[in-house]
Amino acid sequence: MFEAIKGGARAFAEIGLGLFYPNVCQLCREERATAKQGYLGIECRKKIQRIEPPFCSRCGLPVEGAVTTNFVCASCRETEFHFVSARGAARVNTAILEVIHRYKYQRALYFEPFLAELLTGQAGPALGTEWDLIVPVPLHPVKKREREFNQAERLAECLSRATGIPVNHHAARRVIQTESQTRLDRAHRAANVRNAFAPTAKLNGERVVLVDDILTTCSTTNACAKALRMAGAGPVCVWTVARGA
Ligand SMILES: [Zn+2]
Ligand SMILES: [Zn+2]
């Protein structure tokens, strides 16, 4: 009886979605795509490039040509990281950026099944059973109030459902509302966010998977990983949906 009601409610919700969004790809609006496909059609999905080896073993930056499994890129050789490794599911390109920006800033939640599938498809098998906790990169409370939406929290929940690793939303908080990172170079980005996070929980050596939507210079995730280590976390690894240079 209960199951029937739940099933019915789900079907009703899907019909509801269907009323607002016909089965059309929301990226190109030229091909068929269903709610289950995250409203992203076959042709647009082909534009998403999943990251496969070889990549830098620290920061996950894809590299061309044959390299050893422990290859570390030039910029990682001179940077001190608070995480053991960072990985992205797909390369940053116009298609994935468009999907993420609309999900993040316009609450295009219909893209979530696609983003979740992309992240969990790549991260799930790689994480295995070695990790205890998933932590999303927190937004500053003011920004969260404005946006009413933290994409990293939602993606962390999706990864948790797929892997069974619990989420902790309160391990760290953002104490400084940093100015936009987009117009700053690498060194300025790092300085801009260095102390942006503070530990807020007492961890006992849990091995943490830090989740965000996009990874570019690693400065934000590195600052957050530092706060988690201060909170008492064991090793921290980073997983994001997209990885840019
Ligand atoms: Zn399309
Ligand atoms: Zn690297």
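Numbering (the working numbering), first residue to last: 1 to 245. Quick reminder that beta carbons are idealized off the backbone N, C-alpha and C, glycines included.
query: Closest by C-alpha distance to V211, when choosing among A245, R77, V241, T68; result: V241
query: Pick from E130, A190, S85 that is closest to I165, judged by C-alpha positions; result: E130
query: For L40, the three-state DSSP class (helix, strand or coil); result: coil
query: Supposed close pair N222, F71 - CB separation, criterion 8 angstroms; result: Going by Cβ atoms, the distance from N222 to F71 rounds to 20 angstroms, so no, they are not a contact pair.
query: Ligand 2 heavy atom lying under 8 angstroms from the CB of L119; result: no
query: Closer than 8 angstroms: V84 CB and nearest ligand 2 heavy atom; result: no
query: Residue ranges of each beta strand (DSSP E) within the region 167 to 206, 3 or longer; result: 172 to 174, 197 to 199
query: Inter-residue Cα distance where the pair is E264 and R107; result: The structure shown has nothing for residue 264, since the chain only spans 1 to 245.
query: E80 beta carbon near ligand 1 (any heavy atom closer than 8 angstroms); result: no
query: Coarse secondary structure for A245, derived from DSSP in three states; result: coil
query: Residues of its chain near V142, where Cβ-Cβ distance is below 7 angstroms and the 5 sequence neighbours each way are ignored; result: Q177
query: Residue nearest to R145 in terms of C-alpha spacing, selected from C237, Y105, A35, A95; result: Y105
query: Contact between the region 32 to 46 and the region 220 to 236 (3+ Cβ pairs under 8 angstroms); result: no
query: Helix, strand or coil at T216 [DSSP, three-state]; result: coil
query: Proximity test, C158 beta-carbon vs ligand 2 heavy atom, cut-off 8 angstroms; result: no
query: Segment contact, 8 angstroms Cβ cut-off, at least three pairs: the region 228 to 240 with the region 193 to 202; result: yes
query: Identity of the residue in A90, P54, G88 nearest R73 by Cα; result: The residue asked about is misnamed: residue 73 is Cys in this sequence, not Arg. Taking only the C-alpha atoms, the option nearest C73 is P54.
query: Sequence-distant residues of its chain with Cβ nearer than 6 angstroms to A190 (five each side left out); result: S219
query: A66 versus E78, E52, C28, T94, residue with shortest Cα-Cα distance; result: E52
query: D132 vs V193 beta-carbon contact at 9 angstroms; result: no
query: Check: V72 C-beta below 8 angstroms from any heavy atom of ligand 2; result: yes
query: Closer than 8 angstroms: C28 CB and nearest ligand 1 heavy atom; result: yes
query: Burial state of A196, where buried means 16 or more other Cβ atoms lie within 10 Å; result: buried
query: Exposure label - L61; buried when at least 16 CB within 10 Å; result: buried
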